[in-house]
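Participant: Please see the structure below; I have some questions.
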Amino acid sequence: MTDGMDRPHSPQPPASGGYGYPQPGPSNPYQPEPAAGQQGQGFGPPPTAEETFPPPIPETFNSAPTPDWQAMADASEAQRRKRRTLVIGGGALAVVLVAAGTAFFLMDDGKPADKPAVSASGSPSPSGAAKSPTHNPDDDYPTVPGEPNVLRDYNGKTGIALGPGASLGELSMRTEVRFKGTPDSYAQGAEAAVDVTKSFSVSTRVYNTTEGGSHMAISQGDGDSYSFELGFEVVSGKKAWVFRVQTGDKGQAATAQQVVVDNVDTTKKWALLTGTYDAEKKTIALWVDDKQAGQAQVSGIWAGPGPVQLGRARHHGIWSAAWEGALDHIRIFDQAVNQEQITALKNNKPGRTKPVHAWLV
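Taking the numbering used here, the leading residue of the sequence shown gets 3, the next gets one more, and so forth.
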């Protein structure tokens, strides 16, 4: 997953939009400033007769209580130690049982008879191979042990707690997080997932069920504005994927920069979205699956306060752009990933490029 940003400057946007064109802040009509004497009304154009939006959460909205992350971490570590002790003990017992079984199955000619492979639990292994006695069973679960509503970070220590309107969908080979497009349908991390003043990439598979409005899959920040957001939006009347960053501390439209892809199928179909920032070249880029859709020049990214968010974004001091659909394979990197790395991500095989955070992978 790389940035593929060896072009010295960003392409000029077509007059009527098009595939992978950047939109500078001043021409962005989808983040209106609040009218004089009024509070901001959220993100996106006013709804038409054909499209409706869940109302933005007002300042007085009381979201779910913030988890006690330290207590959660202590409980998780205690449970890991307990499980590890049980697994190691079970592994030692399995070794003894296997040795005994081998002696029992020896034939008169001294050759062992065929027998099923035995796992660390002492039962036949479906794969025909025994698990390592040091295998940690916690590694098999997408959530923090003992906390079924907190997504486990496979490559870091940032758990993400589900809001009351978000849920997990358990499928045969994977787990996804599902959002209803309502104000209480979101997930919030314990902290910021990445330093946006340095190079980074954010990637997730998305399944969008809406036809209109503004809906963000992942963002960071809970102050006046997001620092970055990645998701779906209707731009100039067209359904589009968008990666947007904020360069100013007030969250104004004039200081937002974005890359938009508007000639792709965005509804009820899985897509891998990856947004990258190259701090040296000062460019952002948007990738759809493993194709770079476009890039734009930026002055830098404002490091706003607040943690990583799933299913919503912060605009003018309120929550809005609620996601409706599902997400999985969520990864964040502390580098601008390239073409080869993103192709590996599409195949869910990140290889040697290790993310700093990963959820539901």
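Beta carbons are placed, not taken as given, at the ideal position from N, Cα and C, and that holds for glycine. Since the model is a prediction, treat every value here as computed from it, not as a measurement.
1) I need the straight-line Cα distance from Q297 to A195, nearest angstrom please.
2) Could you give the DSSP three-state label for T145: helix, strand or coil?
3) In angstroms with no decimal places, state the Cα-to-Cα distance between R180 and D197.
4) Identify the continuous alpha helix (DSSP H) that holds E342 and give its terminal residues.
5) Using only the alpha-carbon positions, how far apart do Q260 and T145 sit?
6) Assuming K293 contacts T268 (C-beta within less than 8 Å), just tell me the rounded distance between them.
7) By how many angstroms is the C-alpha of S201 removed from the C-alpha of T345?
8) If we require 3 or more residues per run, which beta strand (DSSP E) segments fall completely within the segment 281-361?
9) Tell whether a beta-carbon distance below 7 Å holds between V358 and I334.
10) Exposed or buried, K356, counting other C-beta atoms within 10 Å across all chains shown (16 or more means buried)?
11) For a test of the three-state rule: what should DSSP assign to A163, helix, strand or coil?
12) Using beta-carbon positions only, say whether A219 and Q190 come within less than 7 Å of one another.
13) Go through its chain and collect everything with a Cβ distance to L347's Cβ below 8 Å, but skip five positions before and after it.
14) Going by alpha carbons, who is nearest to A305 out of D224, W243, V262, G319?
15) Going by alpha carbons, who is nearest to R207 out of R354, G327, P150?
16) For the segment 175-248, list the beta strand (DSSP E) runs that are entirely contained and at least 3 residues long, ordered along the chain.
17) By the three-class DSSP mapping on this structure, what secondary structure does T257 have?
18) Which residues bound the beta strand (DSSP E) around G158?
19) Taking three-plus beta-carbon pairs below 8 Å as touching, is the segment 313-327 in contact with the segment 276-285?
20) Within this structure, are the beta carbons of T184 and G171 separated by less than 7 Å?
21) Who are the Cβ neighbours of Y209 in its own chain at under 6 Å, not counting the five residues just before and after it?
22) Put A168 into one of helix, strand or coil per three-state DSSP.
23) By the three-class DSSP mapping on this structure, what secondary structure does D8 have?
Facilitator: Considering the structure as presented:
1) Each residue's alpha carbon lies about 23 Å from the other.
2) The three-state reading of DSSP puts T145 in strand, counting E and B together.
3) Each residue's Cα considered, the two are about 27 Å apart.
4) Under the DSSP assignment, E342 falls in the alpha helix (DSSP H) whose first and last residues are 341-348.
5) The C-alpha of Q260 lies about 33 Å from the C-alpha of T145.
6) Between T268 and K293 the Cβ distance is about 15 Å, and since that is not below 8 Å, they are no contact.
7) Each residue's Cα considered, the two are about 19 Å apart.
8) Taken in chain order, the unbroken stretches of beta strand (DSSP E) that lie wholly in the segment 281-361 and span 3 residues or more are 285-290, 293-299, 310-312, 315-317, 320-322, 326-335, 359-361.
9) Result yes, Cβ atoms of V358 and I334 sit closer than 7 Å.
10) The residue is exposed, with fewer than 16 neighbouring Cβ atoms inside 10 Å.
11) Assigned with DSSP and collapsed to three states, A163 falls in strand.
12) Their beta carbons are not under 7 Å apart, which means A219 does not touch Q190 by this criterion.
13) M3, S205, L274, T276, D292, H331, R333, V339, listed in sequence order.
14) Per the Cα distances, D224.
15) Distances from the alpha-carbon of R207 to those of R354, G327, P150 put G327 closest.
16) Fully enclosed beta strand (DSSP E) runs of 3 or longer: 177-182, 189-191, 202-210, 216-222, 230-237, 240-248.
17) T257: helix per DSSP, three-state reduction.
18) That residue, G158, is in no beta strand (DSSP E); it is neither H nor E in DSSP.
19) Judged by Cβ distances under 8 Å, the segment 313-327 makes no contact with the segment 276-285, as fewer than three pairs qualify.
20) By the CB criterion at 7 Å, T184 and G171 fall outside the cutoff.
21) Around Y209: W272, G327, A328.
22) Looking at A168 - three-state DSSP - the assignment turns out to be coil, as it is neither helix nor strand.
23) In this prediction, D8 scores a pLDDT of 38, lower than 50, which makes its location untrustworthy; no coordinate-derived value is stated.
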